[in-house]
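In UniProt numbering, the protein residues as written are 1 to 269. One structure is given here, and the rest of the page talks about it.
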């Protein structure tokens, strides 16, 4: 912010403008008061309001996290159902082997391998950046594979327990077809743990976006956060972390509200 040949008066003026000449407790109180007014300070690197910079990048992060969530659920739910129905067979063992393998791979390694194979070697997808559908396929896969494996394993375990319950035997005794028994009776009772784990994993999606956006040059809040750390742009780092944490809390609040919609037995007073 100052040139190497800056005078002591200029350094003192900068400290005063940043409020760094006040006691630490007073600085902290001023910072908390500014947060109540959504004032996260000014970026040391860009010279713009921190909140404005985060808002500009937030749509890209939400798009990536939403695509990863959609991909993981679309694949995980059928995989969990099939592995529960076909338990003890080669099909179940194959699905579970792939799921365990996917869950054990770190996001950054998956991202690098995907770029090397599908972008550099086979040239099917672009190496990075934001654009059309082809740009989001690889980042969404890399970010969502861990949630995919987690949901599939949890759904399989919950569905196996539900299929062995008395009410499922009663439904089968009434002559209901397997599709109705699973979709209307068994699967609905397995949704609560799935909703819980998805809500908790939103934090992992937001945290994983930092690595994923860096690997795929995705212009979101995660990439902005990494750049801010390199630039020692502390107001921007603090603002990005607070916003991501607030989104995580909000999502979990929505998840709690969804409990009563899925299971009428749960009522909030």
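The C-beta atom is built at its ideal place from N, Cα and C for all residues, glycine as well. If you're wondering where the values come from, they're calculated on a predicted model, not measured in any experiment.
Residues of its chain near residue i, where Cβ-Cβ distance is below 6 Å and the 5 sequence neighbours each way are ignored
| i | result |
| --- | --- |
| residue 171 | 181 and 185 |
Nearest candidate by alpha-carbon position, reference residue i, set the options
| i | options | result |
| --- | --- | --- |
| residue 132 | 226, 84, 116 and 64 | 64 |
| residue 149 | 99, 175 and 194 | 99 |
| residue 194 | 244, 77 and 179 | 77 |
| residue 47 | 246, 253, 36 and 236 | 236 |
| residue 204 | 121, 142 and 32 | 142 |
| residue 134 | 145, 144 and 118 | 118 |
Exposure of residue i, with buried meaning 16 or more beta-carbon neighbours within 10 Å
| i | result |
| --- | --- |
| residue 139 | buried |
| residue 272 | Shown here, the chain extends from 1 to 269; a query on residue 272 therefore has no answer. |
| residue 239 | buried |
| residue 125 | buried |
| residue 218 | buried |
| residue 223 | buried |
| residue 201 | buried |
| residue 102 | buried |
For residue i, three-class secondary structure by DSSP
| i | result |
| --- | --- |
| residue 185 | helix |
| residue 42 | strand |
| residue 135 | helix |
| residue 273 | Outside the modelled stretch of the chain, which goes from 1 to 269, sits residue 273, for which no answer is possible. |
| residue 22 | coil |
| residue 152 | helix |
| residue 256 | helix |
| residue 96 | helix |
| residue 109 | helix |
| residue 193 | helix |
| residue 237 | helix |
| residue 89 | coil |
Residues of its chain near residue i, where Cβ-Cβ distance is below 8 Å and the 5 sequence neighbours each way are ignored
| i | result |
| --- | --- |
| residue 198 | 69, 73, 147, 151 and 255 |
| residue 30 | 19 and 22 |
| residue 115 | 127, 128, 138, 215 and 216 |
| residue 35 | 242 |
| residue 160 | 84 and 87 |
Contact test: residue i Cβ vs the ligand PLP heavy atom, cutoff 6 Å
| i | result |
| --- | --- |
| residue 67 | Absent from the structure shown: the ligand PLP. Ligands present: none. |
Neighbourhood of residue i by C-beta, 7 Å cutoff - its chain only, sequence neighbours within 5 removed
| i | result |
| --- | --- |
| residue 189 | 162 |
| residue 95 | 79, 82 and 83 |
| residue 60 | 130, 218, 219 and 220 |
| residue 92 | 83 and 86 |
Inset, instruction - Could you say if the region 99-117 and the region 203-219 meet the contact criterion of at least three C-beta pairs nearer than 8 Å? - result: yes
Legend entry - Given 8 Å, three or more beta-carbon pairs between the region 225-244 and the region 49-56: yes
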